[in-house]
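Engineer: Encoded as structure tokens, here's the structure I'll be asking about.
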Amino acid sequence: MIALCFLLVIGGILVAEALLDSYNSTISEDHHIELNKNYAYIALAFAMMIELFNIKERKIKRAKDFSQDDKEE
Amino acid sequence: MHSFSQDLASLLSVNGLISLITLSVLEIILGIDNIIFISIAVDKLPREQQSKARTIGLLLALVVRTILLFCIGWIAGLKDPFFHVGIYGVSGKALILLGGGIFLLVKTWQEIQEHIHGDEDEIGPKKKNNNTFNAIIMQIIIIDFVFSFDSILAAVGLSGVVLIMVSAVVVSMILMILFSGLVADLSIKTQVLK
Chain A
18 MIALCFLLVI GGILVAEALL DSYNSTISED HHIELNKNYA YIALAFAMMI ELFNIKERKI
78 KRAKDFSQDD KEE
Chain B
26 MHSFSQDLAS LLSVNGLISL ITLSVLEIIL GIDNIIFISI AVDKLPREQQ SKARTIGLLL
86 ALVVRTILLF CIGWIAGLKD PFFHVGIYGV SGKALILLGG GIFLLVKTWQ EIQEHIHGDE
146 DEIGPKKKNN NTFNAIIMQI IIIDFVFSFD SILAAVGLSG VVLIMVSAVV VSMILMILFS
206 GLVADLSIKT QVLK
């Protein structure tokens, strides 16, 4: 699901770039606005980091549950 | 336009090799979103076809990028407005980015809906038939074209030598084909892409 959300962001960036490109055609080259994608990439990297924490947490929890089940048996 | 011998001399110089490495890394970074899309698209195919479709998808991305590199003049021309909407000029580049962006948004939104409601709705054989090998490859070609456009403009910005640009694209694509398998493995092991 997180990768699909990444693709939504990337799709949004492409549309925004297209609109900015059209806007830039109305102003002189010195005043062109460039879309700084770094903000989006940082947000995506942060989301990925959180997802990796979640995966790690689920893995540890599952291992604990298995060991508890073994003890009970 | 440089001749081939001049391009080769540029490639084999220290500056050329530094440009090649920098551009290869840049191409990989710009290509990660392409890999994610390809991995998600081929996930709908039977397991035995996935690896083949992924490799074909990335090879097509390589072909599209190489063709576009040799059509630099045409791409540069796409920056000039084709027509105007009010005061806003609409260039070929803007049309490609807009079309690709909307395609990606619609396709991804459908995928998300399918994942959310996947358990509730029965996926009949009719729906599954839509995800044929050829249909998936066609989707990959469309998105390859959109992502290639961005990466080629970056390549032109960084190095004007066609041979360096083509070499960087080839190096990055070989690494991406290997990396694409790792992304797929990660997807299966952790379900992170699903």
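Residue numbers (the working numbering), protein chains in the order written: chain A, 18 to 90; chain B, 26 to 219.
Beta carbons are placed, not taken as given, at the ideal position from N, Cα and C, and that holds for glycine.
For the candidate residues B:V191, B:M201, B:L120, B:L203, whose alpha-carbon lies nearest to that of B:F95?
Structural biologist: When only C-alpha atoms are compared, the closest one is B:V191.
Engineer: Can you list, in chain order, the residues of its chain whose CB lies under 7 Å from that of B:I177, leaving out five sequence neighbours each side?
Structural biologist: Answer for B:I177: R90, L93, L94, I100, listed in chain order.
Engineer: Against chain A, with Cβ distances strictly below 8 Å, would B:K118 count as a contact?
Structural biologist: With 8 Å as the cut-off, B:K118 counts as an interface residue toward chain A.
Engineer: Report the partner residues of B:P106 according to the DSSP bridge assignment.
Structural biologist: Paired residue(s): B:S116.
Engineer: Whose C-beta lies closer than 7 Å to the C-beta of B:L103 among residues of the same chain, with five residues either side of it excluded?
Structural biologist: Same-chain partners within the cutoff: S116, G117, K118.
Engineer: Give the C-beta separation of B:I161 and B:A78 to the nearest angstrom, bearing in mind that I take them to be a contact with Cβ-Cβ under 8 Å.
Structural biologist: Confirmed, about 6 Å.
Engineer: Under 8 Å between C-beta atoms, does A:L52 make it to chain B?
Structural biologist: No, its Cβ sits nowhere closer than 8 Å to a Cβ of chain B.
Engineer: Count the C-beta pairs between the stretch 157-174 of chain B and the stretch 45-55 of chain A that are closer than 8 Å, then say yes if the count reaches three, no if not.
Structural biologist: Output reads no: the stretch 45-55 of chain A does not touch the stretch 157-174 of chain B.
Engineer: Can we count B:F62 as close to the ligand GTP, meaning its CB is less than 7 Å from some heavy atom?
Structural biologist: With respect to the ligand GTP, the structure offers nothing, as it holds no ligand at all.
Engineer: Which class does B:D68 belong to by DSSP, given the choice of helix, strand or coil?
Structural biologist: Coil, per DSSP.
Engineer: Should A:D86 be labelled buried (16 or more other beta-carbon atoms within 10 Å of its own) or exposed?
Structural biologist: Under this definition A:D86 is an exposed residue.
Engineer: Which residue wins for smallest C-alpha separation from B:I112, given the options A:A60, A:L36, A:F23, A:I77?
Structural biologist: Of the listed residues, the one whose Cα sits closest to B:I112 is A:L36.
Engineer: At what residues does the alpha helix (DSSP H) containing A:G29 begin and finish?
Structural biologist: That run of the alpha helix (DSSP H) goes 19-41.
Engineer: Taking just the CA atoms, how far does A:I19 sit from B:L207?
Structural biologist: For B:L207 and A:I19, the distance between alpha carbons rounds to 17 Å.
Engineer: Taking CB distances under 8 Å as the criterion, tell me whether B:P71 reaches chain A.
Structural biologist: Not one chain A Cβ lies under 8 Å of B:P71.
Engineer: What are the boundary residues of the alpha helix (DSSP H) that A:K76 is part of?
Structural biologist: Unbroken alpha helix (DSSP H) run through A:K76: 55-89.
Engineer: Could you tell me if B:I148 is buried or exposed, where buried requires 16 or more neighbouring beta carbons within 10 angstroms of its beta carbon?
Structural biologist: Confidence is the limiting factor: at B:I148 the pLDDT is only 47, short of 50, which leaves the residue's position unreliable and the question unanswerable from this model.
Engineer: Only counting the same chain, and skipping five residues up and downstream in sequence, which positions put a Cβ closer than 7 Å to that of B:I63?
Structural biologist: Around B:I63: R79, G82, L83, I165, S205.
Engineer: Round the Cβ separation of A:L69 and B:L129 to the nearest angstrom and send it over; I've been treating them as touching at under 8 Å.
Structural biologist: So it is not a contact: roughly 24 Å between Cβ atoms.
Engineer: May I have the straight-line CA-CA distance separating B:I141 from A:I72, to the nearest angstrom?
Structural biologist: Computed Cα separation, rounded: 20 Å.
Engineer: Looking only at its chain, what residues have a beta carbon closer than 6 Å to the beta carbon of A:I77, apart from the 5 residues adjacent to it on each side?
Structural biologist: Taken in chain order, the list of residues that qualify is empty.
Engineer: For A:N41, which residues from the same chain have a beta carbon less than 8 Å from its beta carbon, with the 5 sequence-adjacent residues on both sides left out?
Structural biologist: So the qualifying residues of the chain are H49, I50.
Engineer: So with CB distances below 8 Å, who are the chain B contacts of A:F23?
Structural biologist: Going along chain B in sequence order, the residues near A:F23 (Cβ under 8 Å) are D58, I61.
Engineer: For B:I168, is the classification buried or exposed, using 16 other Cβ atoms within 10 angstroms of its Cβ as the cut-off for buried?
Structural biologist: Answer is buried; the Cβ neighbour count reaches 16.
Engineer: From the beta carbon of B:V115, is the nearest beta carbon of chain A less than 8 Å away?
Structural biologist: Yes, because at least one Cβ of chain A sits closer than 8 Å to the Cβ of B:V115.
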